[in-house]
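Only one structure is covered here, and it is reproduced in the block below.
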Amino acid sequence: MKIIIDEKIIEKCKDVAIGSIEAEVVVKEDNEELWESIDKKAKVIEEKIDVKEISKIKNIADSRVAYKVFGKDPSRYRLSSEALYRRIARGLGLYRVNNVVDINNLISLQSAYSVGTYDLDKIRGEIHLTIADEGDTYAGIGKGELNIANLPVFYDEEGKFGSTTSDSIRAMITTDAKHILMNIVSFNGDAELEKYMDEACALLEKYAEGKILSKEINKC
0 MKIIIDEKII
10 EKCKDVAIGS
20 IEAEVVVKED
30 NEELWESIDK
40 KAKVIEEKID
50 VKEISKIKNI
60 ADSRVAYKVF
70 GKDPSRYRLS
80 SEALYRRIAR
90 GLGLYRVNNV
100 VDINNLISLQ
110 SAYSVGTYDL
120 DKIRGEIHLT
130 IADEGDTYAG
140 IGKGELNIAN
150 LPVFYDEEGK
160 FGSTTSDSIR
170 AMITTDAKHI
180 LMNIVSFNGD
190 AELEKYMDEA
200 CALLEKYAEG
210 KILSKEINKC
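Numbered according to numbering that gives the first Met the number 0, the sequence shown spans residues 0 to 219.
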């Protein structure tokens, strides 16, 4: 699955890399064994990481620097992985969605990278990563109309559908999804991506009856 990184991104951050996994899956509402793994990771974060220290975690810190370069305040529009860490560190726990979204969140916690997973049957044509223009918005999952201006965003021929802060409802993963794309987004190069892609593939195979169709790192 080729992701095209647009010049608008490259001219401001040359260390963008995207680990992309295309897979066929069976989406189910819950998996207790998977949730035990998530809960174990969450307890470590809650017990050992102070909220004030989260922004200093390397992959989060580097992403925050990129946000500032793009023109977005990372303290107002947080990287999705930072938002997950902060929720856990504050003792609020994680919400259960479905097995594929839960895998997405576990990989985000393990890597501290933003991870987005999309229903490929809802996407049309080539997929690009760019920086959203002033005035751009979309209907965010659980957030209503979201101001995505200056955020790194994915788009296809029908428009923008996902960002490293919050995804749109258009390509969200529901129990109807069968063909997915998972993107692990790095703003500090690709050195760690292969490891986390392998972990994601193993989780999809184990907990979502995943058949991995392709695995590729796209970078500047």
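Every residue, glycine too, gets a C-beta built ideally from N, C-alpha and C.
Sort out for me which residues DSSP pairs residue i with in a bridge.
i      : result
Asp14  : Asp14 pairs with nothing; no bridge assigned.
Ser19  : Asn182 and Glu215
Lys210 : Glu23
Ile9   : Partner(s): none; Ile9 has no beta bridge.
Ile3   : His127
Comparing alpha-carbon positions, which option in the options lies nearest residue i?
i      : options                           : result
Glu193 : Arg123, Asp14 and Gly18           : Gly18
Ile211 : Ala170, Leu128, Val25 and Asn149  : Val25
Ala138 : Lys159, Ile9, Arg123 and Lys57    : Lys159
Ser62  : Glu45, Ala82 and Lys47            : Ala82
Ile147 : Asp132, Glu6, Trp34 and Val15     : Asp132
Leu221 : Lys71, Val184 and Ser167          : Because the chain is modelled from 0 through 219, residue 221 falls outside the range shown and cannot be assessed.
Gly143 : Ile87, Ser167 and Lys7            : Ser167
Leu150 : Gly141, Ile140, Asp135 and Glu157 : Asp135
Glu10  : Val50, Gly188 and Ile130          : Ile130
Tyr66  : Val152, Gly141 and Asp189         : Val152
Ile126 : Asp155, Glu23 and Leu105          : Asp155
Gly141 : Ser165, Asp72, Asp14 and Trp34    : Ser165
Ala176 : Asp72, Glu215 and Ile122          : Ile122
Leu180 : Gly188, Lys214, Ala190 and Glu204 : Lys214
Leu145 : Gly124, Leu202, Arg77 and Ile87   : Arg77
Lys218 : Lys13, Lys7 and Met0              : Lys13
Gly209 : Ile87, Arg86 and Ile102           : Ile102
Val96  : Leu33, Ala190, Asn182 and His178  : Leu33
Asp120 : Ala22, Gly188 and Ile4            : Ala22
Lys1   : Ser54, Val64, Lys71 and Asn182    : Asn182
Ile53  : Ala201, Ile8, Pro73 and Leu202    : Pro73
Lys39  : Met196, Val68 and Leu108          : Leu108
Val68  : Ile3, Ile56, Val15 and Lys47      : Val15
Please report the Cβ distance between residue i and residue j, rounded to the nearest whole angstrom; I am assuming they are in contact, meaning their Cβ atoms lie under 8 Å.
i      : j      : result
Ala264 : Tyr117 : The requested residue 264 is not part of the displayed model; the chain covers only 0 to 219.
Leu93  : Ala41  : 6 Å
Ser80  : Ala111 : 5 Å
Ile172 : Val99  : 5 Å
Tyr105 : Ile37  : Reading off the sequence, residue 105 comes out as Leu, not Tyr. That pair is a contact at about 5 Å.
Arg89  : Val50  : 6 Å
Ala187 : Asn30  : The sequence as given places Asn at residue 187; Ala does not occur at that position. Incorrect: roughly 31 Å between the Cβ atoms, too far for contact.
Would residue i pass as an interface residue toward chain B - the criterion being a Cβ-Cβ separation below 8 Å?
i     : result
Tyr84 : In the structure shown, chain B cannot be found, because there is only a single protein chain.
Uninterrupted beta strand (DSSP E) stretches inside the region 100 to 186 (no shorter than 3 residues): 113 to 118, 126 to 130, 136 to 139, 143 to 146, 151 to 155, 158 to 162 and 178 to 185
Completely contained alpha helix (DSSP H) runs for the region 32 to 57, where each covers 4 or more residues: none
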